[in-house]
Amino acid sequence: MTPAKQNRLPLRQFLTLLTFITFLTTCTTLAQDDRFAEAEIIMKRANGFRGIWYRNQPSNDEYVYKYSGGLAVYPANHRPFAIYARQVDKTFFCFGGTDSANSALLHNVSYFDHRTGKVANPLTILDKKTTDAHDNPVISIDDRGHIWTFSTSHGISRPSYIHRSKKPYDISDFKRVNATELVDGKPQPFTNFSYFQVYPVKGRGFIALFTKYNKAGQRVIGYNTTADGVHWNEWKVLAHIEEGHYQISTERNGKIGVAFDCHPKGKGLNYRTNLHYLETSDFGKTWQNIGHDTVQLPLTSRQNPATVHDYANEKRNCYLLDITFDQHNKPAILVIASKGYEAGPANGPREWTLFRPGNQGWEHHIVTTSDNNYDMGSVYHISGNSWRVVGPTYDGPQAYNPGGEVAMWRSDDGGVNWALERRLTRNSPMNHSYVRRPAHAQDGFYAIWADGHGRKPSESFIYFSNANGDVYRLPRQGKAAMLVPEPLK
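Residue numbers for the sequence shown follow the working numbering, so the first one is 4 and each next one is one higher.
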């Protein structure tokens with residue numbers, strides 16, 4: 004081999020290095036453009052449902068990006084995007100909207116009226132001054148019926164915001180909440196939180212699980228509580244194992260369950276693996292694993308009592324999709340397992356896997372497979388041993404990009420065996436992605452998601468389905484106070 008050839012990088016290594024440099028340049032540019040940009044309060048009717056299109060990390064191949072598409076209700080670590088209020092028979096929801104040029108992330112809130120079948124023309128609360136869908140909002144409702152929105156931030160480069168409706172069960176106007184959190188025992192402005200997941204607990208206030216970034220840029224997961232949404236307590240760390248985590252969570256009757264992965268040291272953030280689970284029934288005072296053993300926090304070792312499955316030993320990635328409880332408050336965790344982070348057939352199949360506690364510990368079974376790590380869907384407990392998964396599990400028009408065609412899968416033996424129940428979309432021009440389950444989901448408004456082109460900027464429509472699998476598209480334009488959803492044929 005000649006010296007010249009010895010100094011050449013193999014093509015695959017060169018492309019990997021080029022992708023990494025491009026990614027760093029993109030992140031730096033975005034951070035400079037958006038850094039410390041104060042959001043603009045809008046408080047005007049949006050006149051239609053226009054979802055944000057977003058992309059992340061150029062891949063320099065035919066798939067164009069690591070992931071991209073219509074991401075109005077992204078990511079899986081934000082929740083909930085929708086919540087049902089029995090008192091008024093409405094499902095309130097929020098989403099990342101945009102203008103006609105897809106040049107702004109607008110935080111929109113609306114509701115579906117189960118009595119009329121119509122949706123409220125969205126109210127745009129603010130312009131987040133970014134196009135990063137990691138800054139999408141989440142929604143909640145307090146004991147008095149006030150609607151709350153929590154405007155997240157991706158890391159520390161932009162501020163976060165909290166808003167509360169001025170009237171119960173009314174989205175016509177919101178006021179900003181100047182919240183504080185305790186830091187070393189002293190109140191400080193609560194103006195930065197990422198991957199926010201918030202749950203009202205009757206008579207106690209809110210408990211929220213979210214991420215803080217440390218000086219090394221690692222994602223540290225934890226939680227905080229508040230009695231009134233304004234004065235938050237001291238943030239407590241759940242886990243900081245090696246280079247950090249993503250987490251997803253759920254709530255039922257005051258019980259919180261959280262599942263999280265791990266970024267092993269030296270592997271980079273694209274390598275996420277392993278699966279862990281913890282739960283609390285006392286508003287975060289104590290946390291237990293599935294064996295009811297109280298766990299000392301924070302967890303700092305990869306070998307710990309919260310471990311559900313060791314994907315690292317199998318050399319596979321784990322992508323968190325959804326988590327819910329059954330009628331006995333036992334958790335079900337839905338993940339995708341794959342061979343690597345890059346798009347394309349080489350890392351397939353992407354296995355949709357459901358974990359549930361059994362007589363001998365955790366059990367898991369494959370629901371189906373799909374073609375991308377970010378084919379996010381949701382799991383529903385129907386009754387007894389019956390379960391349902393709704394998500395983009397069929398290939399879409401942009402194969403191997405996030406999303407696809409949406410389908411319902413059902414199991415009537417506790418999640419062991421699965422069968423296709425119904426295909427919800429067919430022959431779509433763009434991929435459908437991020438199918439989300441509302442909190443306390445009702446049959447009329449059972450799932451919400453968006454579509455978008457998998458490889459280039461596009462318009463993005465918002466959709467929802469009922470429990471039968473009938474799909475409706477929300478009108479992109481409209482000036483009336485209440486708008487009529489369009490049945491998808």
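We treat Cβ as the ideally placed atom computed from N, Cα and C, and that holds for glycine.
Whole-angstrom distance between residue j and residue i, CA atom to CA atom
i    : j    : result
R439 : D325 : 9 Å
R222 : Y249 : 7 Å
W235 : V474 : 39 Å
G247 : M485 : 44 Å
G399 : N471 : 22 Å
C321 : P478 : 35 Å
G54  : T297 : 42 Å
G220 : P203 : 30 Å
H81  : I251 : 8 Å
A483 : A49  : 11 Å
K318 : S62  : 22 Å
T31  : T134 : Bear in mind that the predicted position of T31 carries a pLDDT of just 38, short of 50, making it too unreliable to give a figure here.
H312 : H279 : 7 Å
L33  : H456 : For L33, the predicted structure reports a pLDDT of 39, less than 50, and the residue's modelled location is therefore unreliable. The matter cannot be settled from this model.
H295 : D130 : 44 Å
A242 : T119 : 45 Å
N376 : S71  : 12 Å
D187 : N227 : 14 Å
D285 : Q299 : 15 Å
G51  : S463 : 12 Å
F84  : P162 : 20 Å
E245 : Y437 : 28 Å
P432 : W56  : 15 Å
G271 : L281 : 25 Å
F193 : K492 : 46 Å
D92  : L323 : 31 Å
T229 : G208 : 6 Å
Y397 : A346 : 16 Å
N111 : N362 : 45 Å
G287 : G364 : 24 Å
R391 : I451 : 15 Å
M46  : W151 : 14 Å
D231 : N316 : 44 Å
Beta-bridge pairing of residue i - partner residues as DSSP gives them
i    : result
D116 : K93
V141 : F153
S495 : Outside the shown range of the chain, which is 4 to 492, sits residue 495, and nothing can be said about it.
S381 : V393
K189 : V186
Q250 : F263
P125 : Paired residue(s): none; P125 is not in a bridge.
E43  : D130
P88  : Looking at the sequence itself, residue 88 is Ala, so the reference to Pro does not match. DSSP output for A88 lists K93 as bridge partner(s).
Same chain, Cβ closer than 7 Å to residue i, neighbours up to 5 away in sequence not counted
i    : result
K121 : M485, L486 and V487
I159 : N195 and Y216
P171 : R147, G148 and H149
K268 : E245 and E246
R429 : E408
P460 : W56 and N105
E254 : Y202
Own chain, CB closer than 8 Å to residue i, minus 5 neighbours either side, in chain order
i    : result
I86  : T94, F95, F96, I142, S143, I144, P441, A442 and H443
E489 : Y475, R476, L477 and P478
Y233 : According to the sequence provided, residue 233 is Val. The question's Tyr does not apply to it. Within the same chain, V233 has close Cβ partners V180, N181, A182 and T183.
N124 : R48, A49, N50, G51, S113, G481, K482, A483, A484, M485 and L486
D416 : N388
T28  : Model confidence at T28 stands at a pLDDT of 36, short of 50, so the residue's coordinates are unreliable; what they give is reported in the following sentence. Same-chain partners within the cutoff: there are none.
D138 : G99, L108, K131, S154, T155, S156, H157 and R161
A422 : W412, R413 and S414
Same chain, Cβ closer than 6 Å to residue i, five either side skipped, listed in chain order
i    : result
K215 : V223
I336 : A262, I326 and F358
Y314 : T276, N277 and C321
N469 : D446, G447 and Y449
D64  : none
G394 : G380 and V438
T283 : I259 and W290
W238 : G225 and N227
S341 : N320, N350, R353 and N376
L185 : N236 and E237
I165 : F153, V180 and A182
Within-8 Å CB hit, residue i to chain B
i    : result
S143 : Any reference to chain B falls outside this structure, which holds one protein chain only.
Identify every run of the alpha helix (DSSP H) within the segment 391-471, keeping only runs that are complete inside it and at least 4 residues long; order them along the chain. Secondary structure remark: continuous alpha helix (DSSP H) runs of at least 4 residues inside the segment 391-471: none found.
In chain order, each beta strand (DSSP E) run of at least 3 residues that lies wholly inside the segment 274-328: Uninterrupted beta strand (DSSP E) stretches at least 3 residues long and entirely within the segment 274-328 occur at 276-283, 310-312 and 320-328, given in chain order.
State whether the segment 365-381 contacts the segment 343-355, with contact taken as three or more CB pairs (one from each stretch) at a distance under 8 Å. Contact between the segment 365-381 and the segment 343-355 is present, because at least three Cβ pairs lie under 8 Å.
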